[in-house]
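Protein sequences appear in the order of chains G and R.
Take 1 as the starting number for the first sequence in this note's numbering and just add one per residue.
Take 1001 as the starting number for the second sequence in this note's numbering and just add one per residue.
Idealized CB from N, CA, C, for every residue including glycine.
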Amino acid sequence: MSFNNVIKEFEGFDFPAFFETVTDSDVERVLGKEKLNNMDFLILLSEKAAKFLEPMARKSHQVTVQYFGRTIHLFVPLYISNFCSNECTYCGFNIKNSIKRRKLSLEEVEAEAVAIAKTGIQHLLLLTGEAHQVTPVSYLVDVVKCLKKHFASVSIEIFPMDECDYRSLKAVGVDGLTVFQEVYDKKIYKSVHLSGQKSDYLYRLNAPERGAKAGYRNVNIGCLMGLGEPRSEAFFTGMHGRYLEDNYLHTEVSLSLPRFNPAEGDFVPPFTVNDKTFVQFLCAFRLFLPRAGISVSTRESALFRDNLISLGVTRYSAGSCTGVGGYAVEDHSQTPQFEITDERSVEDVVAAIVRHGYQPVYKDWDQIA
Amino acid sequence: MQDEKLTLGKISFESRLLTGTGKFSANELIPKMLAASGSQMITVALRRIDSSSPVENILSYIPENVTLLPNTSGARTADEAVRVARIAREAGCGDFIKIEVITDVKYLMPDNIETLKATEILAKEGFVVLPYVMPDLPLAKRLEDVGAAAVMPLGSPIGTNRGLETKAMIARLIENCKLPIIVDAGIGRPSQAAEAMEMGADAVLVNTAIATATDPVVMGEAFALAVRAGRMAYLAKIAAESHLSRASSPLTGFLN
């Protein structure tokens, strides 16, 4: 069993031809439905549906309030290493990039944890590049043990692992897993992941499923918007979410919407997703997967993120550093994985959430072990 | 009209409306909602409590005269629910516990088997146990046997506002159980709360419908009124329904 079987079903599917057939009444019919099927979802992702952005947004708002209330869950990302053996053309940690490489010692992890915990946020997302020699599972286990002293919930966004390694990290307290496929289009995937473990498409594609099998409470997926044709990529992301929901009833599925920041590095993404299309995708995800958490990171601007609060987003990172460490001691590597656009402090993000009539949630989990 | 109080454990409650702390746009609304609704018991997920937080502790918004009903939201097994309950008691949240064991995050359906196990263990430890379950009569009778303080059947899945989809099953619990029946989850509007109370439910628990209303304080009051109206109608014995209309001035009256 694998989501790859679903992808295979759509090999040869002519997306542009399908979008051509979409009519206004199709979109209206879908907006009147309570439960959307796959093709309904695809209709909402079409260019034709853009005309219905306001009714989509209203329904997305209503569904989100019903399932999540007026709340935004907060988390903080912590990068513990930028060593990486992968050659991904779009990433700052690319092995070919001559950047200062750094890995936090356990003492440094502790110091970062103390600094982050002062914000009151109890949800930490641990990130690292992929370098099995430098950051082996044993190191990650030690890091998690250290972080669990300070946080109620620790999630990981690290290289894909075997199920047994996911279990090892779960055993010391990790409860959530984030793995972005980056791009579902196999040809493009190959062209941007030139070497390293990450060039194995299927191993990555099946990682969220292995996490669900390992018993993770939350599995978060996404595609990096801009790498592939946006509408079909959004479709496969949503389909991947529904596949996980249908097959792993015990797992909360959530989605992220990472988008290339035009100000970023030398890599020029082949596609662009403008704000309007971004919002259309966000609303389509919400209507297709009403219970899924949706995160938008600090890649997006403060103003844009504030406006998304009432549209279907449920989780925000805040006060983020995307270099290594950076909360307790300034990050001297000066090589972030991606550029942050929303540079506000946690207090400022919290104030903005409150201003929009939403409650910032600092803690919503306990490890009972 | 005389009504007995709702007794759970050793405490008797005037109000038959239980409320929740989730989904509010600001925690400051919670005490206002409690005052407006007269609700005397409120549930809070232990996982949301952070007593050592430098910024926010949800418990500080719950007045002392309102009984705290910690719940085991997030628990996947009986064992986890039991541990959450013990932590809640140690944290000073009292002896009440609402058991929520959910293994299906898609529909948030309770796992009746694990819930029964947890109820038995916790009742023996002196907890006042309120299990959240699918309405199932044999299960409810077993919950009675193992010492539950009430049975909390769902009206429809949590947060769906779909009302009493399980009405016929709940009616059987009301008819056949000795324990108080508190309809929990799925009640989306005051009329649905009134409907549950008219049927003879002993109380209802409402969270989403109040917390996500544009004005949660007024909605809290609306629910309180509906619960009272439904309860009074139940006590007053609602007239039986009939398929044939009965005109107030019968057409054949002249024959008498």
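R/C1129 CB to nearest chain G CB: under 7 Å? To locate residue 1129 of chain R, count along the second sequence from 1; it is residue 129. Inspection of the sequence shows that residue 1129 of chain R is occupied by Val rather than by Cys. It does not; no Cβ of chain G falls within 7 Å.
Whole angstroms is fine: what's the gap from G/V273's alpha carbon to G/G226's? Sequence index remark: in the first sequence, residue 273 of chain G carries index 273 (1-based). Sequence index remark: in the first sequence, residue 226 of chain G carries index 226 (1-based). G/V273 and G/G226: Cα-Cα distance of roughly 6 Å.
Going along chain G, which residues have a C-beta under 7 Å from R/P1054? What you label residue 1054 of chain R is simply residue 54 of the second sequence in a count that begins at 1. Contact note: R/P1054 reaches chain G through K118, G120, using a C-beta cutoff of 7 Å and chain order.
Please give the ranges of any beta strand (DSSP E) in the stretch 192-262 of chain G, keeping only runs that are unbroken, at least 3 residues long and fully inside the region. Runs of the beta strand (DSSP E) inside the stretch 192-262 of chain G: 193-195, 218-221, 252-256.
Beta-carbon separation of G/I43 and G/D26 under 7 Å? Translated into the one-based positions of the first sequence, residue 43 of chain G becomes position 43. Translated into the one-based positions of the first sequence, residue 26 of chain G becomes position 26. Yes, the pair counts as a contact, with Cβ atoms nearer than the cut-off.
Nearest candidate by alpha-carbon position, reference R/V1147, set R/L1008, R/D1003, R/V1084: Translated into the one-based positions of the second sequence, residue 1147 of chain R becomes position 147. Checking the sequence shown, residue 1147 of chain R turns out to be Gly, not Val. If we check each option's Cα against that of R/G1147, R/L1008 comes out closest.
Do R/Y1107 and R/P1180 have their C-beta atoms within less than 7 Å of each other? Indexing the second sequence from 1 puts residue 1107 of chain R at position 107. Indexing the second sequence from 1 puts residue 1180 of chain R at position 180. In terms of Cβ geometry, R/Y1107 and R/P1180 do not form a close pair [threshold 7 Å].
Do the stretch 278-295 of chain G and the stretch 237-255 of chain G meet, that is, are 3 or more Cβ pairs less than 8 Å apart? Cβ pair count under 8 Å is three or more, so yes.
Is the beta carbon of G/N160 less than 7 Å from the beta carbon of G/Y203? Counting from one through the first sequence, the residue named residue 160 of chain G turns up at place 160. Counting from one through the first sequence, the residue named residue 203 of chain G turns up at place 203. Inspection of the sequence shows that residue 160 of chain G is occupied by Pro rather than by Asn. Yes, Cβ-Cβ distance for G/P160 and G/Y203 is below 7 Å.
Roughly how many whole angstroms lie between the Cα atoms of R/E1014 and R/Q1040? Working through the second sequence from its first residue, we reach residue 1014 of chain R at position 14. Working through the second sequence from its first residue, we reach residue 1040 of chain R at position 40. Per the coordinates, the alpha-carbon of R/E1014 lies some 8 Å from the alpha-carbon of R/Q1040.
Return no unless some Cβ of chain G is closer than 7 Å to the Cβ of R/V1084. Within the second sequence, residue 1084 of chain R is the residue found at index 84, counting from 1. Closer than 7 Å: yes.
For R/A1233, which residues in the same chain have their Cβ closer than 8 Å to its Cβ, ignoring the five residues on either side in sequence? What you label residue 1233 of chain R is simply residue 233 of the second sequence in a count that begins at 1. Contacts found: A1194, M1197, E1198.
Tell me the start and end of each unbroken beta strand (DSSP E) in the stretch 1146-1208 of chain R that is at least 3 residues and wholly inside, in chain order. Secondary structure in the stretch 1146-1208 of chain R: the beta strand (DSSP E) runs of 3 residues or longer, each lying completely within the stretch, are 1182-1184, 1203-1206 in chain order.
With which residues is G/S81 paired in a DSSP beta bridge? Locating residue 81 of chain G in the first sequence gives position 81, counting from the first residue. Beta-bridge analysis with DSSP links G/S81 to G/K103, G/T128.
Where R/N1027 meets chain G, residues with beta-carbon distance less than 9 Å: Numbered from 1 along the second sequence, position 27 holds the residue referred to as residue 1027 of chain R. Here the neighbours are Q359.
Give the residues from the stretch 1098-1118 of chain R that approach chain G closer than 7 Å (Cβ to any Cβ), ordered along the chain. If the cut-off is 7 Å between Cβ atoms, the stretch 1098-1118 of chain R has T1103, D1104, V1105, K1106 near chain G.
Between which two residues does the beta strand (DSSP E) carrying R/I1042 extend? Working through the second sequence from its first residue, we reach residue 1042 of chain R at position 42. Counting along the chain, the beta strand (DSSP E) containing R/I1042 begins and ends at 1041-1045.
Quick check: does the Cβ of G/K59 come within less than 6 Å of any heavy atom belonging to the ligand FAD? No copy of the ligand FAD appears in this structure; indeed no ligand is present at all.
By DSSP's criteria, G/I294 is part of a beta bridge. Which residues make up the other side? Stepping through the first sequence from its first residue, residue 294 of chain G is reached at position 294. Bridge partners of G/I294: G/L255.
In terms of residue numbering, what span does the beta strand (DSSP E) encompassing G/E157 cover? Mapped onto the first sequence, residue 157 of chain G falls at position 157. For G/E157, the enclosing beta strand (DSSP E) begins and ends at 153-157.
Which whole-angstrom value is the C-beta distance of G/S155 and G/L177, which I expect to be below 8 Å? Indexing the first sequence from 1 puts residue 155 of chain G at position 155. Indexing the first sequence from 1 puts residue 177 of chain G at position 177. Yes, G/S155 and G/L177 are in contact; Cβ-Cβ is about 7 Å, under 8 Å.
C-beta contact flag for R/P1190 and R/A1222 at 7 Å: Here the question's residue 1190 of chain R lines up with position 190 in the second sequence. Here the question's residue 1222 of chain R lines up with position 222 in the second sequence. With respect to R/A1222, R/P1190 sits close: the two C-beta atoms are nearer than 7 Å.
Excluding sequence positions up to five away, which residues of its chain have a Cβ less than 6 Å from the Cβ of R/M1169? Counting from 1 along the second sequence, the entry for residue 1169 of chain R is found at position 169. So the list reads P1135, once near-sequence residues are dropped.
List the residues that DSSP assigns as beta-bridge partners of G/Y362. For this step, residue 362 of chain G is matched to residue 362 along the first sequence. In DSSP, G/Y362 forms no bridge with anything.
Secondary structure of G/I340, DSSP reduced to three states: Taking the first sequence and counting its residues from 1, one reaches residue 340 of chain G at position 340. In this structure, G/I340 counts as coil in the three-state DSSP scheme.
Just verifying my parser: in three-state terms, what is the DSSP assignment at G/D275? Here the question's residue 275 of chain G lines up with position 275 in the first sequence. The three-state reading of DSSP puts G/D275 in helix, counting H, G and I together.
Start and end residues, beta strand (DSSP E) containing R/Y1132: To locate residue 1132 of chain R, count along the second sequence from 1; it is residue 132. Element bounds for R/Y1132: 1128-1133.
Closer than 7 Å by beta-carbon distance: list the chain G residues that pair up with R/A1211, in chain order. As a position in the second sequence, residue 1211 of chain R is number 211, starting the count at 1. The answer, in chain order, is G69.
Check the Cβ of R/R1076 against every Cβ in chain G and list those closer than 8 Å, keeping chain order. Counted from its first residue, the second sequence places residue 1076 of chain R at position 76. Neighbours of R/R1076 in chain G, taken as residues at a C-beta separation under 8 Å, are given in chain order as H250.
When you check each C-beta in the stretch 1159-1193 of chain R against every C-beta of chain G, which residues fall closer than 7 Å? Listed by position along the chain: G1159, N1161.
G/E110 versus chain R: which residues are under 9 Å apart at the beta carbon? Position 110 of the first sequence, counted from the start, is the residue given in the question as residue 110 of chain G. Those within 9 Å of G/E110 in chain R number zero; the least Cβ separation is about 18 Å.
Tell me the residue span of the alpha helix (DSSP H) that contains R/I1087. In the second sequence, counting from the first residue as 1, residue 1087 of chain R sits at position 87. Per DSSP, R/I1087 belongs to the alpha helix (DSSP H) from 1078-1090.
Is the shortest distance between the beta-carbon of R/K1023 and the beta-carbons of chain G less than 7 Å? Here residue 1023 of chain R refers to the residue found at position 23 of the second sequence. Cβ-Cβ to chain G under 7 Å: yes for R/K1023.
Using only the alpha-carbon positions, how far apart do R/S1060 and R/T1021 sit? Position 60 of the second sequence holds residue 1060 of chain R. Position 21 of the second sequence holds residue 1021 of chain R. Their Cα atoms are separated by approximately 12 Å.
Where does R/E1114 land, buried or exposed, given buried means 16+ other C-beta within 10 angstroms? Stepping through the second sequence from its first residue, residue 1114 of chain R is reached at position 114. R/E1114 is buried by the Cβ-count criterion.
Between the Cα of G/V63 and those of G/T322, G/H356, G/S310, spot the shortest distance and give me the residue it belongs to. Start at 1 with the first residue of the first sequence, and residue 63 of chain G comes out as number 63. Out of G/T322, G/H356, G/S310, G/S310 has the C-alpha closest to the C-alpha of G/V63.
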